[in-house]
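Participant:
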Amino acid sequence: MNKKKLVSRIGLCVGALALVLIVGYSGSAFSDSNNKYLDKEYSVKESIQRSFDLDNQGLKPIYLRDLFDDSIATESDEVRSKLISCYKMLRQENEIAQGDFKPIFYLDGKEKVFIGVLHPNDSITLTEFDISKDKPEKIDKKVKEAAK
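The opening residue of the sequence shown carries number 1202 in this note's numbering; numbering runs sequentially from there.
1) Kindly identify the DSSP beta-bridge partner or partners of Ile-1346.
2) Compare the Cα-Cα distances from Lys-1261 to each of Gln-1250, Phe-1269, Asp-1271 and report the closest residue.
3) Using the C-alpha atoms, what's the distance from Val-1245 back to Asp-1335?
4) For Lys-1205, which residues of its own chain have a beta-carbon under 7 Å away from its beta-carbon, when the five flanking residues on both sides are left out?
5) I need the straight-line Cα distance from Thr-1275 to Ile-1263, nearest angstrom please.
6) Can Thr-1326 and Val-1314 be called in contact, C-beta distance under 8 Å?
7) Excluding the 5 residues preceding and the 5 following Ser-1209 in the sequence, name in chain order all residues of the same chain whose CB lies nearer than 6 Å to its CB.
8) For a quick check, are the C-beta atoms of Leu-1277 and Pro-1337 less than 8 Å apart?
9) Taking the beta strand (DSSP E) that Lys-1313 belongs to, which residues open and close that run?
10) Tell me which same chain residues have a C-beta within less than 6 Å of the C-beta of Lys-1343, skipping the five on either side of it?
11) For Ile-1332, which three-state DSSP category applies?
12) According to DSSP, is Leu-1255 helix, strand or coil?
13) Taking only the alpha-carbon atoms, compute the straight-line gap between Val-1215 and Leu-1207 and give it to the nearest angstrom.
14) Checking 8 Å against the spacing of the C-beta atoms, do Lys-1303 and Ser-1324 come in under that value?
15) Between the alpha carbons of Glu-1296 and Lys-1283, how many angstroms are there, rounded?
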């Protein structure tokens, strides 16, 4: 009897250890893939800034998830709403299409925003909006080859 109890306890311990290891490895696998995506976002942000000589001192980069995720958002609801309106305008005008990388927003105070989009053909579109009024207005659009 004692031998059976010992074997079953060892079996339970080994099973629990295996479960902990599996959960630990799957967690790191998911976080590694997420980190790669953040690296891609960072490299696209840098490419947009180099391509258009954006003055990084006065502009605040904002990623798309910063607009939609309340838990990480740092801007007011009003500013986020205006940035989302700008994003929707670009989607409706097909300036952001399937296959484009997520747009990156560069906020200039509470009056202007520049939206950079990397396209599959390695061109970048930078669209400027005036967000000082109730409804955002498109001011300018530039297209350049992505700086490496």
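Even for Gly, the Cβ is constructed at its ideal location relative to N, Cα and C.
Facilitator: Reading it off the structure:
1) Per the sequence presented here, residue 1346 reads as Glu, with Ile not at that position. Note: Glu-1346 sits in a beta bridge opposite Ser-1324.
2) Gln-1250
3) 30 Å
4) Apart from the 5 residues on each side of it in sequence, Lys-1205 has no Cβ closer than 7 Å to any other Cβ in its chain.
5) 9 Å
6) no
7) none
8) For clarity, residue 1277 is Ser in the given sequence; the question names Leu instead. No. Outside cutoff.
9) 1313–1319
10) Leu-1327
11) coil
12) coil
13) Their Cα atoms are separated by approximately 12 Å.
14) no
15) 17 Å
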